[in-house]
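Residue numbers (our numbering), protein chains in the order written: chain A, 131 to 400; chain B, 356 to 662.
To start, the structure under review is shown below, and the notes come after it.
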Amino acid sequence: MTATASPATRPEPKDLAIALDKVWVTFKTTRERKKPSLARTLQGMRDPAKRSVWVEALRGVTLDIQRGSVYGVIGHNGAGKTTLFRAIAGILPPSHGRITVWGRVTPLLSLGVGFNRDLTGRENILLGGLTFGLSADEVQAHFHEVEAFAGLGQAIDFPMRTYSSGMFSRLAFSVAAHLQPEILLVDEALAAGDAAFKVKSMDKIVELCSRDCTVLIVSHGLEVVKSLADRCVWLEQGRVRMEAPADQVVTEFLTRQRVDRSNVVALEDV
Amino acid sequence: MVMTQPAGRHAGHTARNPGGPASRDRAGAAPRRPTVYEPTASGLPALRAYLRDLWERRPLIWHLARTDLKAQNYETTLGQAWVVLDPLLMAAVYYLFRSVVSTESTASARNEILSHLIWGVFVFYYTSNCVLGGARSLTSGRALILNSSFPRAALPLYEIVKSAMNFLPTLAVYLVLHAVLGRPFGFGLVALPVMVAIQTALNVGLALLFAPLMVFFRDVRGLLPYITRVWLYTSPALYSVAELPPRYASWLRWNPLYPFFAAYEQVFAGRLPSIGYVVAACMWALLFLVVGALVFLTKERDFAIRI
Numbered sequence: 131m132t133a134t135a136s137p138a139t140r141p142e143p144k145d146l147a148i149a150l151d152k153v154w155v156t157f158k159t160t161r162e163r164k165k166p167s168l169a170r171t172l173q174g175m176r177d178p179a180k181r182s183v184w185v186e187a188l189r190g191v192t193l194d195i196q197r198g199s200v201y202g203v204i205g206h207n208g209a210g211k212t213t214l215f216r217a218i219a220g221i222l223p224p225s226h227g228r229i230t231v232w233g234r235v236t237p238l239l240s241l242g243v244g245f246n247r248d249l250t251g252r253e254n255i256l257l258g259g260l261t262f263g264l265s266a267d268e269v270q271a272h273f274h275e276v277e278a279f280a281g282l283g284q285a286i287d288f289p290m291r292t293y294s295s296g297m298f299s300r301l302a303f304s305v306a307a308h309l310q311p312e313i314l315l316v317d318e319a320l321a322a323g324d325a326a327f328k329v330k331s332m333d334k335i336v337e338l339c340s341r342d343c344t345v346l347i348v349s350h351g352l353e354v355v356k357s358l359a360d361r362c363v364w365l366e367q368g369r370v371r372m373e374a375p376a377d378q379v380v381t382e383f384l385t386r387q388r389v390d391r392s393n394v395v396a397l398e399d400v
Numbered sequence: 356m357v358m359t360q361p362a363g364r365h366a367g368h369t370a371r372n373p374g375g376p377a378s379r380d381r382a383g384a385a386p387r388r389p390t391v392y393e394p395t396a397s398g399l400p401a402l403r404a405y406l407r408d409l410w411e412r413r414p415l416i417w418h419l420a421r422t423d424l425k426a427q428n429y430e431t432t433l434g435q436a437w438v439v440l441d442p443l444l445m446a447a448v449y450y451l452f453r454s455v456v457s458t459e460s461t462a463s464a465r466n467e468i469l470s471h472l473i474w475g476v477f478v479f480y481y482t483s484n485c486v487l488g489g490a491r492s493l494t495s496g497r498a499l500i501l502n503s504s505f506p507r508a509a510l511p512l513y514e515i516v517k518s519a520m521n522f523l524p525t526l527a528v529y530l531v532l533h534a535v536l537g538r539p540f541g542f543g544l545v546a547l548p549v550m551v552a553i554q555t556a557l558n559v560g561l562a563l564l565f566a567p568l569m570v571f572f573r574d575v576r577g578l579l580p581y582i583t584r585v586w587l588y589t590s591p592a593l594y595s596v597a598e599l600p601p602r603y604a605s606w607l608r609w610n611p612l613y614p615f616f617a618a619y620e621q622v623f624a625g626r627l628p629s630i631g632y633v634v635a636a637c638m639w640a641l642l643f644l645v646v647g648a649l650v651f652l653t654k655e656r657d658f659a660i661r662i
C-alpha cells in the first residue's frame, strides 16, 4: 500500500474527507474459479489469452465527499461499490488516478473484519479495534460503550462461533462505530441486524456525523440511503452514472428501474 | 497496468452543495495530513513510511500471535504442554531410530547423541515453523487482507512471534535436560541468545519469501512438508557436524542452516562458536532478509487481488 503524504491539489481540502480523481481500479484475474498454481501458470505462458482477464472495476471515478456528511453509494451488483470502498480504505491500489483521504478510515466491509471465531466477543473487540489501527488503550477506553451498544449480554464471553449472524454484525458495527472512526465505510452491515438494532445503528450514524465523522454507506435498501444520506452516487459498470442529493439520485434510480423492468423480465430486487 | 481510456462521464461533480449536517462550522477542526493512494512507478512502497507503519502495528501483531497461541492447544487435555511435548516426542522417535541403527557403547556417548537430537529438533522446528506459518499467513489471513488496510508484513511477522513463543519454552526445557544428561555448561552458552537472534532474522526473511510464493503458487502448500523434511535430513540436526557424510560434505555446507547447527553444536558443548560460522550465519540471514523483503514488498499490492 502506498501511503505517502503530499499536498492536496484540490481546492477546499479542509472541507473534504475523500477526493477521488479519475480513479481506475483494474486488475487481472483468472478466468477460472481455481486458485493459481504452478501448472496453470506454465499453461498460461503458452497461451496468454487463456490465463487471465482484465477486470475494470472502477473506470475513471471522480468524487468529492464532504466531511461530516453521510454519503450513499447505490448501484447494481458488480457496479463497483465494494471496490470503491476497498480503494478508499487503501486495500486495493488504484491503477490510475489519485485517491486522497483526510483522516483514518474504518472499513466495515464484510461483517466482522478480523474476528477470530474461536475467541470470545470480548477478546474480539480488542482484535477488531487493533485491526482498525487503534492502540490497546484506546480500545479499552471505549470498551464498555461497545459492549453496551452491541447488547449481547452474557454472550460477550462466549466464543464467536456460537453467535448468530445478527449477533455477529451487531458486534462488528459496535466496534467500528464506537472506536472513534473518522471516516466510516459501512457495506451492507445494517442488513443483518434485527429491526430494533437497525434503528439504533441509524441513530448512531447520525450522531457520528454530528461529531465530524464522515460515513459512507453502501446499501440496496434505498429507503435507508434516502433517509440517512445527504448526497449519493449511483455507480453503473464502474462509472459514475449520477451524483446528486440523495433523494434525487434514489428517485432517478427507481425511475430507471421501472423503465428497465419493462424490458427485462429477470431483475434483481431493489 | 496502463489504461488509457478516457475517464467515464460523471454528473454533478461541480455542484457542491453540502446540505444538512455537512454545513456545520468546522473552524476548530485541526488540520490533518491527507493520505494519498496513487499508482507507483516502481513496485516498492516508501520504505521508511512502511516501516513506521509496521512499527505502529505491533500491538496487532502481538495480539494476533497471543490469541492464536491461546487457541492452538485449547481443546487438548495437556494444553500448552504440547508446545514442548511435540518436539520432545519427535526427538524421542529419532533417538529410537538411531538406537536401532547403531548402538553406542558408553552412557556419555548416548547422552551426547540424545541431547544433540533434542536441541537439533527444537532448533530445526523453530525455522520450519516460521517457514510453514509464514507461507500460510497470507492465505489464512484472507479476511483481514480483503477487509482492512495495514502493512501486510504484519501477517508473516505475527507467525514469527508465534513460532518464537513456541520455541523459547522448548529452549528452557532443553537446558534442564542438558543438565540432567550431564552435558557441559561452559562460557560459550552466553553466545546462545546471539545465535537465536541471528536465526530469528533468517526466519523473518524466509517467512517473507514464502508468504507471497504461497499466494501465487498454491502448490507450495503441498510441497512444503517434503521440502522441510529433506532440509531436516540434510542439516546436521539429527547428527553432528563430524558425522556429515564425507562424500556430500562439501555440498551440504552450502545449506543455509549448516552454519547455524555447527555454531549451536559448539555452544551446547560449552564453547564459543567459531567466528566463521557466525559470519556465515549472518550472511545467510541478511541474504534472505533482503530477498524476502524485496519479493514481499513488490508483490504486496497484488495480495488483495490474487488471494
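Every residue gets a Cβ at the ideal spot worked out from N, C-alpha and C, and that includes glycine.
When you compare only the Cα positions, how much space is there between residue i and residue j?
{"i": "residue 350 (chain A)", "j": "residue 501 (chain B)", "result": "21 Å"}
{"i": "residue 227 (chain A)", "j": "residue 239 (chain A)", "result": "23 Å"}
{"i": "residue 335 (chain A)", "j": "residue 274 (chain A)", "result": "19 Å"}
{"i": "residue 270 (chain A)", "j": "residue 311 (chain A)", "result": "15 Å"}
{"i": "residue 620 (chain B)", "j": "residue 471 (chain B)", "result": "8 Å"}
{"i": "residue 476 (chain B)", "j": "residue 598 (chain B)", "result": "17 Å"}
{"i": "residue 380 (chain A)", "j": "residue 507 (chain B)", "result": "38 Å"}
{"i": "residue 278 (chain A)", "j": "residue 304 (chain A)", "result": "9 Å"}
{"i": "residue 435 (chain B)", "j": "residue 592 (chain B)", "result": "25 Å"}
{"i": "residue 649 (chain B)", "j": "residue 573 (chain B)", "result": "20 Å"}
{"i": "residue 222 (chain A)", "j": "residue 534 (chain B)", "result": "55 Å"}
{"i": "residue 282 (chain A)", "j": "residue 362 (chain A)", "result": "33 Å"}
{"i": "residue 259 (chain A)", "j": "residue 332 (chain A)", "result": "21 Å"}
{"i": "residue 353 (chain A)", "j": "residue 299 (chain A)", "result": "20 Å"}
{"i": "residue 398 (chain B)", "j": "residue 446 (chain B)", "result": "44 Å"}
{"i": "residue 346 (chain A)", "j": "residue 374 (chain A)", "result": "15 Å"}
{"i": "residue 612 (chain B)", "j": "residue 633 (chain B)", "result": "11 Å"}
{"i": "residue 388 (chain A)", "j": "residue 301 (chain A)", "result": "37 Å"}
{"i": "residue 266 (chain A)", "j": "residue 414 (chain B)", "result": "7 Å"}
{"i": "residue 386 (chain A)", "j": "residue 158 (chain A)", "result": "32 Å"}
Considering only residues of the same chain and omitting the five flanking positions on each side of residue i, which have a CB-CB separation below 8 Å?
{"i": "residue 468 (chain B)", "result": "450, 453, 459"}
{"i": "residue 512 (chain B)", "result": "409, 416, 559, 562"}
{"i": "residue 497 (chain B)", "result": "662"}
{"i": "residue 587 (chain B)", "result": "479, 483, 593"}
{"i": "residue 253 (chain A)", "result": "246"}
{"i": "residue 384 (chain B)", "result": "Summary for residue 384 (chain B): the model assigns pLDDT 44, below 50, so the residue's position carries little reliability; its value from the coordinates is reported in the next sentence. Counting only Cβ-Cβ distances below 8 Å, and skipping sequence neighbours, we find nothing."}
Tell me which residue opens and which closes the beta strand (DSSP E) that residue i is part of.
{"i": "residue 348 (chain A)", "result": "344–348"}
{"i": "residue 272 (chain A)", "result": "Where residue 272 (chain A) is concerned, there is no enclosing beta strand (DSSP E), given that its DSSP letter is neither H nor E."}
{"i": "residue 390 (chain B)", "result": "390–392"}
{"i": "residue 226 (chain A)", "result": "226–231"}
{"i": "residue 236 (chain A)", "result": "235–238"}
{"i": "residue 609 (chain B)", "result": "From DSSP, residue 609 (chain B) is part of no beta strand (DSSP E); its letter is neither H nor E."}
If residue i sits next to residue j, beta carbons under 8 Å apart, how far is it from one beta carbon to the other, in whole angstroms?
{"i": "residue 247 (chain A)", "j": "residue 216 (chain A)", "result": "So it is not a contact: roughly 23 Å between Cβ atoms."}
{"i": "residue 145 (chain A)", "j": "residue 197 (chain A)", "result": "6 Å"}
{"i": "residue 554 (chain B)", "j": "residue 479 (chain B)", "result": "At roughly 10 Å, the Cβ-Cβ gap does not stay under 8 Å, so residue 554 (chain B) and residue 479 (chain B) are not in contact."}
{"i": "residue 205 (chain A)", "j": "residue 211 (chain A)", "result": "6 Å"}
{"i": "residue 537 (chain B)", "j": "residue 622 (chain B)", "result": "Actually they are not in contact, since the Cβ atoms of residue 537 (chain B) and residue 622 (chain B) sit about 17 Å apart, beyond 8 Å."}
{"i": "residue 250 (chain A)", "j": "residue 499 (chain B)", "result": "Rounded, the Cβ-Cβ distance is 19 Å, inconsistent with contact."}
{"i": "residue 521 (chain B)", "j": "residue 438 (chain B)", "result": "5 Å"}
{"i": "residue 585 (chain B)", "j": "residue 490 (chain B)", "result": "Not really, about 16 Å apart at Cβ, beyond 8 Å."}
{"i": "residue 203 (chain A)", "j": "residue 370 (chain A)", "result": "Not quite, the Cβ-Cβ distance comes to about 10 Å (not below 8 Å), so this is no contact."}
{"i": "residue 391 (chain B)", "j": "residue 229 (chain A)", "result": "7 Å"}
{"i": "residue 378 (chain A)", "j": "residue 209 (chain A)", "result": "Not confirmed; about 18 Å, so no contact."}
Go through its chain and collect everything with a Cβ distance to residue i's Cβ below 6 Å, but skip five positions before and after it.
{"i": "residue 443 (chain B)", "result": "none"}
{"i": "residue 213 (chain A)", "result": "155, 187, 188"}
{"i": "residue 526 (chain B)", "result": "none"}
{"i": "residue 236 (chain A)", "result": "262, 306, 311, 314"}
{"i": "residue 628 (chain B)", "result": "546, 618, 621, 622"}
{"i": "residue 384 (chain A)", "result": "none"}
{"i": "residue 568 (chain B)", "result": "575"}
{"i": "residue 276 (chain A)", "result": "255, 304, 305, 308"}
Which first and last residues belong to the alpha helix (DSSP H) in which residue i is found?
{"i": "residue 635 (chain B)", "result": "630–654"}
{"i": "residue 290 (chain A)", "result": "First-last for residue 290 (chain A): undefined, no H or E at that position."}
{"i": "residue 317 (chain A)", "result": "Not the alpha helix (DSSP H): residue 317 (chain A) falls in the beta strand (DSSP E), residues 313–317."}
{"i": "residue 370 (chain A)", "result": "First-last for residue 370 (chain A): 369–375, but that is the beta strand (DSSP E), not the alpha helix (DSSP H)."}
{"i": "residue 660 (chain B)", "result": "658–661"}
Using a Cβ-Cβ cut-off of 7 Å (strictly less than) and excluding sequence neighbours within five positions of residue i, which residues of its own chain qualify?
{"i": "residue 382 (chain A)", "result": "372"}
{"i": "residue 589 (chain B)", "result": "607, 610"}
{"i": "residue 644 (chain B)", "result": "556, 559, 560"}
{"i": "residue 433 (chain B)", "result": "440"}
For chain C, find out if any of its Cβ atoms is closer than 7 Å to the Cβ of residue i; answer yes or no.
{"i": "residue 391 (chain B)", "result": "Of the protein chains in the structure, A and B, none is chain C."}
ask   = Does the region 603–615 of chain B touch the region 522–535 of chain B, meaning 3 or more C-beta pairs lie closer than 8 Å?
value = no
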